[in-house]
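Participant: Take 171 as the starting number for the sequence shown in our numbering and just add one per residue.
Ideal Cβ positions, reconstructed from N, Cα and C, are used throughout, including at glycine.
Quick caveat, the model's predicted, so the values are computed rather than measured.
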Amino acid sequence: MARNPMQKKAQISFLTGILITLLITGIIIAVLILQLTKMTNQQNAEKAKLRNVYALSKDINSGDTVSEDALTTMVINADAIPSNAITGATLSEMTATFDNDGNLVKKVDVIAKINLKKGTILTSDMIAQVGEMASDIRKVEYNMIVLPSQLENNKYVDIRLTLPSGQDLIVLSHKKIEIANIDGVDSLNTIWMNLSEDEILTLSCAIVESYKIEGSKLYAAEYIDPGLQTAAIPTYLPDDTTINLINRDPNCVEEAKQAIFKRNNDQNQKAAVRNPVNSGLNENADQATDNVVSGIEKEIQKTQEERQKYLESLGGSY
């Protein structure tokens with residue numbers, strides 16, 4: 171029996187609707203699967219970037235031992251972690267010494283180089299093995315060095331000596347400075363630096379000679395990117411008296427002595443450095459002693475003023 175054309179048309183429309191519905195449903199399912207796959211891949215990628223790092227569970231002062239009970243593990247995205255962050259592997263390398271067979275030889279304590287606050291992610295720049303820092307390193311205060319107007323705390327600088335002739339000599343290179351802070355206010359002229367014995371003697375010589383030579387200037391020049399810029403090679407050579415003192419000083423390490431002696435024995439380099447300095451010293455010989463006395467008196471006055479401010483900031487009466 172022949173079917174009614176209307177029924178046939180209705181069946182076709184019905185089947186067409188089912189096919190379209192199935193097609194749309196399939197497209198929706200495919201889109202959802204793609205989105206779900208994308209989200210899963212993103213989550214997996216984010217999980218793959220997660221790293222375990224050490225953070226401090228309490229405040230630690232400079233020079234204190236960084237023990238395991240002061241550390242907590244944090245899981246952080248690798249993009250937010252400093253490249254030199256301490257991990258379990260790097261901490262093991264710093265705190266233990268092994269022989270060729272992998273047997274533990276000894277445990278080594280690590281100490282904080284600076285004051286560290288709770289929650290700080292630990293990096294290799296913040297800690298050092300006990301004994302890693304040379305025994306002759308001292309924290310020394312200076313207030314006669316001309317500082318850049320926008321110098322900030324913990325920046326790296328070269329200490330340089332400019333002579334009236336225009337010659338500019340590097341006395342110390344790549345030194346991290348700490349600006350004295352009293353009651354929340356940075357000092358205008360006082361900085362601290364960690365210096366070795368030979369560096370202390372060399373800078374002392376440069377300071378005295380800057381006082382003697384009228385028109386000279388001892389100043390700090392800041393590094394733009396100290397992490398990428400290598401330390402400059404010092405070009406200033408102290409006078410023979412200071413070099414002899416360094417040679418006799420048992421606190422100066424042998425490597426530093428040899429570096430200074432090498433420059434001193436290079437007659438061309440010595441002449442290039444010392445001739446302009448000696449010329450300036452000779453030209454100012456008459457008032458040299460008075461200039462040194464005046465310069466030291468200013469140093470003492472600045473130090474006393476800073477000390478008084480510091481004591482007052484502690485709330486005491488002095």
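Thinking Y326 and K309 are a contact (beta carbons under 8 angstroms), I'd like their distance in whole angstroms, please.
Facilitator: Wrong, their Cβ atoms sit about 16 angstroms apart, outside the cutoff.
Participant: Is DSSP giving V316 helix, strand or coil here?
Facilitator: strand
Participant: Along the beta strand (DSSP E) that carries S366, what are the first and last residues, could you check?
Facilitator: Element bounds for S366: n/a, residue is neither H nor E.
Participant: What are the residues that DSSP puts in a beta bridge with V310?
Facilitator: M363
Participant: Suppose contacts are defined by Cβ-Cβ distances below 9 angstroms. Is M363 in contact with K468 by that definition?
Facilitator: no
Participant: Taking the continuous beta strand (DSSP E) assigned at D338, which residues delimit it?
Facilitator: Its beta strand (DSSP E) spans residues 338 to 352.
Participant: First and last residue of the beta strand (DSSP E) that includes A391?
Facilitator: 387 to 392
Participant: Can you give me the start and stop residues for the beta strand (DSSP E) that D328 sits inside?
Facilitator: 326 to 332 is the extent of the beta strand (DSSP E) around D328.
Participant: Within the same chain, show all residues whose beta-carbon is closer than 8 angstroms to that of A390, passing over the 5 residues directly before and after it, in chain order.
Facilitator: I315, V316, L317, P318, L321, V327, D328, I329, R330, I347, I361
Participant: Using a 10 Å radius around the Cβ and a threshold of 16 neighbouring Cβ atoms, would you call G485 buried or exposed?
Facilitator: exposed
Participant: Quick one: Cα of Q212 to Cα of I246, how far?
Facilitator: 16 angstroms
Participant: Tell whether a beta-carbon distance below 9 angstroms holds between N438 and K382.
Facilitator: Against a cut-off of 9 angstroms, the Cβ pair of K382 and N438 comes out as no contact.
Participant: Taking C-beta to C-beta, are A225 and L292 nearer than 9 angstroms?
Facilitator: yes
Participant: Less than 8 angstroms between C-beta atoms, sequence neighbours within five positions excluded: which residues of the same chain meet that for I182?
Facilitator: none
Participant: Mind reading off the beta-carbon distance from N231 to A282? Whole number of angstroms is fine, and I expect it under 8 angstroms.
Facilitator: 7 angstroms
Participant: Helix, strand or coil for L286, going by three-state DSSP, please let me know.
Facilitator: strand
Participant: Compute the distance between the beta-carbons of Y393 and L339, then report whether it is under 9 angstroms.
Facilitator: no
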